[in-house]
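The structure appears below as structure tokens.
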Amino acid sequence: MSQDVPPPEGRPSRISAETSWYDLFSRGGRDWLRHNEKVREAVRERVREFITSPDVVTRGEGRTVLVPVRLLEHARFRLRDAEAHTGAGQGEGQPGQILRPAQSRPDDAAGEKDGGTGQGEVTFVLELKIDDVLDWLWDEMKLPDLKPKQSSAVEDSELVREGWDRRGARSRLDRRRTVKEAVKRRAVQEHPVAFTDDDLRFRQLVRRRKPATNAAVMFALDVSGSMGEAERILAKTFFFLALHGIRRQYPKVEAAFLAHTVEAWEFSEEEFFRTSGTGGTAASSVFTLARNLARERFDPARYNLYLFYVSDGENAPQDRETAAAALRDILPELNYLGYVELRPVSGRSANTEMSGILGELQRDHPAIGIQQGARQEDIWTALREFFQQQSEQPQEAG
Amino acid sequence: MSGVSDIVSRIEALARKLGLDYHPVDFETVPTMFMMEVAVYGLPVRMPHWSFGVRYMHELIRRNMGHSRIFEVMFPGDPCHAYLVNNNTLAENTLVVAHVLGHADFARNNQLFARFEQMAGTHIVEHAAAQAHRIETAVTEHGQERVEAVLDAALALEAHVDVNMELHRPLYAAQPDTTERAPADPFRKRFQRLPGEKEPPAPSREPRRTPLPPNPEYDLLWFIAHYGPELEDWERDIFLAVREESFYFHPLFACHIMNEGWASYWHARLLREADFLPENLYVDAIKAHSDVVRPFAAKQQTALAVNPYHLGFSMWEHIVENQGIEVARRVCREEDDFGFIRNYLDRALAEKLGLFTYEARQDGEIKVAGRDIDEVREAILAPRFNYGAPRICVSELRHDGMLVLAHDHASDGRGLDLERATRVLGYLQRVWRRPVTLHTVDAQGTAHEIRNS
Numbered sequence: 005m006s007q008d009v010p011p012p013e014g015r016p017s018r019i020s021a022e023t024s025w026y027d028l029f030s031r032g033g034r035d036w037l038r039h040n041e042k043v044r045e046a047v048r049e050r051v052r053e054f055i056t057s058p059d060v061v062t063r064g065e066g067r068t069v070l071v072p073v074r075l076l077e078h079a080r081f082r083l084r085d086a087e088a089h090t091g092a093g094q095g096e097g098q099p100g101q102i103l104r105p106a107q108s109r110p111d112d113a114a115g116e117k118d119g120g121t122g123q124g125e126v127t128f129v130l131e132l133k134i135d136d137v138l139d140w141l142w143d144e145m146k147l148p149d150l151k152p153k154q155s156s157a158v159e160d161s162e163l164v165r166e167g168w169d170r171r172g173a174r175s176r177l178d179r180r181r182t183v184k185e186a187v188k189r190r191a192v193q194e195h196p197v198a199f200t201d202d203d204l205r206f207r208q209l210v211r212r213r214k215p216a217t218n219a220a221v222m223f224a225l226d227v228s229g230s231m232g233e234a235e236r237i238l239a240k241t242f243f244f245l246a247l248h249g250i251r252r253q254y255p256k257v258e259a260a261f262l263a264h265t266v267e268a269w270e271f272s273e274e275e276f277f278r279t280s281g282t283g284g285t286a287a288s289s290v291f292t293l294a295r296n297l298a299r300e301r302f303d304p305a306r307y308n309l310y311l312f313y314v315s316d317g318e319n320a321p322q323d324r325e326t327a328a329a330a331l332r333d334i335l336p337e338l339n340y341l342g343y344v345e346l347r348p349v350s351g352r353s354a355n356t357e358m359s360g361i362l363g364e365l366q367r368d369h370p371a372i373g374i375q376q377g378a379r380q381e382d383i384w385t386a387l388r389e390f391f392q393q394q395s396e397q398p399q400e401a402g
Numbered sequence: 274m275s276g277v278s279d280i281v282s283r284i285e286a287l288a289r290k291l292g293l294d295y296h297p298v299d300f301e302t303v304p305t306m307f308m309m310e311v312a313v314y315g316l317p318v319r320m321p322h323w324s325f326g327v328r329y330m331h332e333l334i335r336r337n338m339g340h341s342r343i344f345e346v347m348f349p350g351d352p353c354h355a356y357l358v359n360n361n362t363l364a365e366n367t368l369v370v371a372h373v374l375g376h377a378d379f380a381r382n383n384q385l386f387a388r389f390e391q392m393a394g395t396h397i398v399e400h401a402a403a404q405a406h407r408i409e410t411a412v413t414e415h416g417q418e419r420v421e422a423v424l425d426a427a428l429a430l431e432a433h434v435d436v437n438m439e440l441h442r443p444l445y446a447a448q449p450d451t452t453e454r455a456p457a458d459p460f461r462k463r464f465q466r467l468p469g470e471k472e473p474p475a476p477s478r479e480p481r482r483t484p485l486p487p488n489p490e491y492d493l494l495w496f497i498a499h500y501g502p503e504l505e506d507w508e509r510d511i512f513l514a515v516r517e518e519s520f521y522f523h524p525l526f527a528c529h530i531m532n533e534g535w536a537s538y539w540h541a542r543l544l545r546e547a548d549f550l551p552e553n554l555y556v557d558a559i560k561a562h563s564d565v566v567r568p569f570a571a572k573q574q575t576a577l578a579v580n581p582y583h584l585g586f587s588m589w590e591h592i593v594e595n596q597g598i599e600v601a602r603r604v605c606r607e608e609d610d611f612g613f614i615r616n617y618l619d620r621a622l623a624e625k626l627g628l629f630t631y632e633a634r635q636d637g638e639i640k641v642a643g644r645d646i647d648e649v650r651e652a653i654l655a656p657r658f659n660y661g662a663p664r665i666c667v668s669e670l671r672h673d674g675m676l677v678l679a680h681d682h683a684s685d686g687r688g689l690d691l692e693r694a695t696r697v698l699g700y701l702q703r704v705w706r707r708p709v710t711l712h713t714v715d716a717q718g719t720a721h722e723i724r725n726s
């Protein structure tokens, strides 16, 4: 206060620059984090819907997914939206004059400023770890964990140290053991020498067989003209979940992406979902390619091998025998073959070429799963069947 | 700061000379972040809830898009607390200090403010902080989930208080015991004389339950806090804390136009009469003034909302010009926005300001509806009716503990947004722990009952 100002009545007002009581801790930030936590919970509750929505993007070598979500709204009692809403404005304009034409959505900037809750379509992107998402899914669908092939079937051998012997390579001399032996010998000898050849102890190696923990997944997709965009998205979802489901179980998973029309090609993961072809369908091509891959790259003795095939069920009739033969060829080397047939349920008969071929083979090979349908839900059924069958198999066999 | 404190004391002396009458104001400078949080929470320290996080994000986005800027915020009390953003210029601060003094005068003299102050004391900032602290303690004690469930319900009913009643209001009086024998009236005597009639059975002696609530109860927060069958004490506390804050916010809400207008009138007048201000400071401050008190955004000819600063400021200038400052002071004491707009927004002024009503259809078409003064007044006031919320009352508390709510759709003119109402009932049901139901009307206007059990 300067001198020449008469003090006003009562206590004078004060000015301070102190914010000590306000500890610079962001309450808004804290509540925002809590909101995000709630969104995660909500996503978790409806994880199936979210993960199959086409907006989901995978990022960072596929270890996280970006899920676009809406802000949560804290509900209040509110009147129903009126047909026409009346407000007060200010400015020029004659009664009847149109200030804004129809069609463009009334945007929120106009009537806001009342600090209302949650108006406006603000969406944000939530980054979720795929492992979390899968854990939620597995919890929700009560899926069992995968079992690898029986140990007799897939084996890796490795050399492990086991035991000691008086002979061996110099590099595997165990000094501690050798000295111990020498000490024991000296204790009972009258005129001991420092070391003798008999004191030497060498570590021994043994070849031991262990069950393989490698897995390889081959995804085969029919990209002929009859596969539409919707089917492709479903296929992508299915492959994505199957791949990550298998990754949950195996430390090392390799994947191969195959697409075919009358011919079959291998693609990289990015290219795979963008490919589209025209023309006829000959499924034998892709099964032959898969078999070759199994022989060359994924030795069935070392890999748990899975093949998933998605198509609309169409196949050229003249290809029937060839396809069946190629399948018969590859089936013994697979842990499982999953076949998902995406087709509109209405109209066409349920018996397609592909389901006919596979249905026949299924009698001799229980490790074939066939699922027909064209909705999200069918994808889940297919996944559930696949994972359940896989976890039951070893028990049947052993 | 020396510049500001010097100006504060000079402006204050001038304000006292012009007859402003207010509790002392404690000014503090704060970071922008703090201001933003005040804009979201309404109070410097308030209870935590995720819905504030959502508003905070909206605010952050708006702020980043440069839509608005807050210069100051003031909390009435004794002393008043006023916060200035630390990056205000000296000119802005000069304006803001004068503006705050106007608010302080209004808060001390307006009867609605005075009534709240009388009920809740003059330390709402500290109260709210203490309540926030209690809620944080409750979180550690009872867990996030449970506390949040209570806050979900209580904050959803934030606007459903009865501000015409006391803040600390007593429970319903127990109804007089009406179980005494009815006096022997002539009919009864004659009945008893009929041959073969026995003495009628005495009415049961057990006391009849008084109906709860005796009258439709619009203070949902109060009713639930006091009559919730299974509410724990800490849960009641939360409901009452939210209710107290609602009472505090009510005068601010109900006098928004008057209050902002009054403060704008006074900052303009104080600046005009402050001959001690250097000329460039004065010019800059007046520039800031015209940015705040303007009807439309720059380069626009119409606005689909009425800027309360502009409207209030123009109305007070108009009143002072035509009827003198004494009348203005009386109006400031006695009215809220409803009386202010209805009684003092006259045709001449509305015409001068170019006020109109518009109609916005759902397909997005907006057209000017008219310039009738009554319709303009009601269009300005409509969103302020009943604290901006639909009128919903407790109509009955059943014997089995079921809570029956009723929506007064006759006064609101249409039914509720059913989807949101259902969700609110969901929040409620979690704390009421018995069935909750709500009567309203659907889109066709036929009676509709929302149940949540």
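The listed protein sequences correspond, in order, to chains G and X. First residue of the first sequence? That's 5 in the numbering used here, and the numbers climb one at a time after it. First residue of the second sequence? That's 274 in the numbering used here, and the numbers climb one at a time after it. Quick reminder that beta carbons are idealized off the backbone N, C-alpha and C, glycines included. Bear in mind the structure is a predicted one, so any value in this text is a computation, not a measurement.
Original post:
Measuring CB to CB, does N308 of chain G end up less than 8 Å from A173 of chain G?
Top reply: Position 304 of the first sequence, counted from the first residue, corresponds to residue 308 of chain G. Position 169 of the first sequence, counted from the first residue, corresponds to residue 173 of chain G. No. Outside cutoff.
Original post:
DSSP three-state call for D715 of chain X: helix, strand or coil?
Top reply: Start at 1 with the first residue of the second sequence, and residue 715 of chain X comes out as number 442. Three-state DSSP puts D715 of chain X in coil, outside helix and strand.
Original post:
Mind checking if E45 of chain G is an interface residue toward chain X, Cβ cutoff 8 Å exclusive?
Top reply: Taking the first residue of the first sequence as 1, we reach residue 45 of chain G at position 41. Cβ-Cβ to chain X under 8 Å: no for E45 of chain G.
Subject >> Residues near A426 of chain X in its chain [Cβ-Cβ closer than 6 Å; skip 5 each side] >> reply: As a working note, residue 426 of chain X is residue 153 in the second sequence. Excluding sequence neighbours, A426 of chain X sits near Y700, L701 and V704.
Original post:
Looking at the C-beta of L626 of chain X, does it have a partner C-beta in chain G at a distance below 8 Å?
Top reply: If you number the second sequence from 1, residue 626 of chain X lands on position 353. So, interface residue.
Subject >> beta strand (DSSP E) segments (min. 3 residues) lying fully within the segment 219-306 of chain G >> reply: 256-264 and 268-271
Original post:
With a CB to CB cut of under 7 Å and the five nearest residues on each side skipped, what residues in its chain are close to H540 of chain X?
Top reply: Locating residue 540 of chain X in the second sequence gives position 267, counting from the first residue. Counting only Cβ-Cβ distances below 7 Å, and skipping sequence neighbours, we find L368, A371, H372, G375 and H562.
**OP:** Give me the Cα-Cα distance between R567 of chain X and Y582 of chain X, rounded to the nearest whole angstrom.
**Re:** Locating residue 567 of chain X in the second sequence gives position 294, counting from the first residue. Locating residue 582 of chain X in the second sequence gives position 309, counting from the first residue. The alpha-carbon atoms of R567 of chain X and Y582 of chain X are separated by roughly 8 Å.
**OP:** Could you please give me the residues that DSSP links to E345 of chain X through a beta bridge?
**Re:** Working through the second sequence from its first residue, we reach residue 345 of chain X at position 72. Answer is X:L357.
Original post:
DSSP on A72 of chain G, reduced to helix/strand/coil?
Top reply: By 1-based counting over the first sequence, the position of residue 72 of chain G is 68. It should be noted that the sequence gives Pro, not Ala, for residue 72 of chain G. Reduced to three states, the DSSP call for P72 of chain G is strand.
Subject >> K560 of chain X in three-state terms, based on DSSP >> reply: Translated into positions along the second sequence, residue 560 of chain X becomes position 287. DSSP places K560 of chain X in helix when its eight states are reduced to three.
Original post:
Who are T630 of chain X's beta bridge partners in DSSP?
Top reply: Taking the second sequence and counting its residues from 1, the one referred to as residue 630 of chain X is at position 357. The partner list for T630 of chain X (beta bridge, DSSP) reads G:A92 and X:G643.
Original post:
How would you list, in chain order, the residues of chain X whose beta-carbon sits under 8 Å from the beta-carbon of L103 of chain G?
Top reply: Taking the first sequence and counting its residues from 1, one reaches residue 103 of chain G at position 99. Simply T575, L577, Y631, I639, K640 and V641.
Original post:
Skipping 5 residues on each side, what residues in its chain have a beta carbon closer than 6 Å to that of D351 of chain X?
Top reply: As a position in the second sequence, residue 351 of chain X is number 78, starting the count at 1. Excluding sequence neighbours, D351 of chain X sits near H296 and T395.
**OP:** Rounded to whole angstroms, what's the CA-CA distance from Q635 of chain X to E77 of chain G? Just pull it up for me.
**Re:** One-based indexing of the second sequence puts residue 635 of chain X at position 362. One-based indexing of the first sequence puts residue 77 of chain G at position 73. For Q635 of chain X and E77 of chain G, the distance between alpha carbons rounds to 21 Å.
Original post:
Listing by chain order, which chain X residues have their CB less than 7 Å from the CB of E87 of chain G?
Top reply: Mapped onto the first sequence, residue 87 of chain G falls at position 83. Residues of chain X passing the Cβ test: Q635.
Subject >> Neighbour flag for L689 of chain X against chain G, beta carbons, 8 Å >> reply: By 1-based counting over the second sequence, the position of residue 689 of chain X is 416. So, interface residue.
**OP:** Give the interface partners of S30 of chain G over in chain X, defined as CB-CB distance under 8 Å, in chain order.
**Re:** For the purposes of this step, residue 30 of chain G is taken as the residue at position 26 of the first sequence. What S30 of chain G touches in chain X: M306 and E310.
**OP:** Return the residues of the segment 69-95 of chain G that lie within a Cβ-Cβ distance of less than 9 Å from chain X, sorted by chain order.
**Re:** L75, L76, E77, H78, A79, R80, F81, R82, L83, R84, D85, A86, E87, A88, H89, T90, G91, A92, G93, Q94 and G95
**OP:** Starting from D685 of chain X, find everything on chain G with Cβ-Cβ shorter than 7 Å and list it in chain order.
**Re:** Indexing the second sequence from 1 puts residue 685 of chain X at position 412. Here the neighbours are L83.
**OP:** In the DSSP assignment, find the unbroken beta strand (DSSP E) run with C528 of chain X in it and report its ends.
**Re:** By one-based count along the second sequence, residue 528 of chain X stands at place 255. Looking at the DSSP string, C528 of chain X is not in any beta strand (DSSP E), and its letter there is neither H nor E.
Original post:
Among all the DSSP beta bridges, which residues are the ones paired with D169 of chain G?
Top reply: The residue you call residue 169 of chain G lines up with position 165 of the first sequence. Answer is G:F206.
**OP:** Count the other C-beta atoms from every protein chain shown that fall within 10 angstroms of the C-beta of H248 of chain G, then say buried if there are 16 or more, exposed otherwise.
**Re:** Position 244 of the first sequence holds residue 248 of chain G. H248 of chain G should be labelled buried.
Subject >> K184 of chain G at chain X interface by Cβ criterion, 8 Å >> reply: Walking along the first sequence from the start, residue 184 of chain G turns up at place 180. It does not; no Cβ of chain X falls within 8 Å.
**OP:** Look up T182 of chain G in the DSSP assignment and say whether it is helix, strand or coil.
**Re:** The residue given as residue 182 of chain G occupies position 178 in the first sequence. Correct three-state label for T182 of chain G: helix.
**OP:** Rank X:V641, X:F611 and X:S668 by C-alpha distance to the C-alpha of G812 of chain X and give the top, closest one.
**Re:** Nothing in the structure corresponds to residue 812 of chain X, since chain X is present only between 274 and 726.
Original post:
Helix, strand or coil: how does DSSP classify Q405 of chain G here?
Top reply: In this structure chain G extends from 5 to 402, so residue 405 of chain G is not present and cannot be described.
Original post:
R38 of chain G by DSSP, collapsed to three states: which one?
Top reply: Taking the first sequence and counting its residues from 1, one reaches residue 38 of chain G at position 34. Three-state DSSP puts R38 of chain G in a helix.
**OP:** Using three-state DSSP, classify Y521 of chain X as helix, strand or coil.
**Re:** Walking along the second sequence from the start, residue 521 of chain X turns up at place 248. Helix, per DSSP.
Subject >> Residues that S161 of chain G bridges to, as DSSP identifies them >> reply: The residue labelled residue 161 of chain G in the question sits at position 157 within the first sequence. Note: S161 of chain G sits in a beta bridge opposite G:R213.
Original post:
Would F658 of chain X pass as a contact of F520 of chain X if the rule is Cβ separation under 8 Å?
Top reply: Numbered from its first residue, the second sequence carries residue 658 of chain X at position 385. Numbered from its first residue, the second sequence carries residue 520 of chain X at position 247. No, these two residues do not count as a Cβ contact at 8 Å.
Original post:
Touching or not, the segment 592-610 of chain X and the segment 36-55 of chain G, by the rule of three or more beta carbon pairs under 8 Å?
Top reply: no
**OP:** Compare the C-beta of P568 of chain X with all C-beta atoms of chain G and state if any pair is closer than 8 Å.
**Re:** Here residue 568 of chain X refers to the residue found at position 295 when the second sequence is read from its first residue. Interface residue, yes.
Original post:
Sorted by chain position, which residues of the same chain lie with C-beta nearer than 8 Å to L287 of chain X's C-beta, five sequence neighbours on each side aside?
Top reply: For this step, residue 287 of chain X is matched to residue 14 along the second sequence. Answer for L287 of chain X: L543, E546 and A547, listed in chain order.
Subject >> Which residues DSSP lists as bridging I102 of chain G, in chain order >> reply: As a position in the first sequence, residue 102 of chain G is number 98, starting the count at 1. The partner list for I102 of chain G (beta bridge, DSSP) reads X:K640.
**OP:** Tell me whether K117 of chain G sits in a helix, a strand or coil according to DSSP, three-state version.
**Re:** Here the question's residue 117 of chain G lines up with position 113 in the first sequence. With a pLDDT of only 35 at K117 of chain G, under 50, the local geometry of the prediction cannot be trusted, and no value is derived from it.
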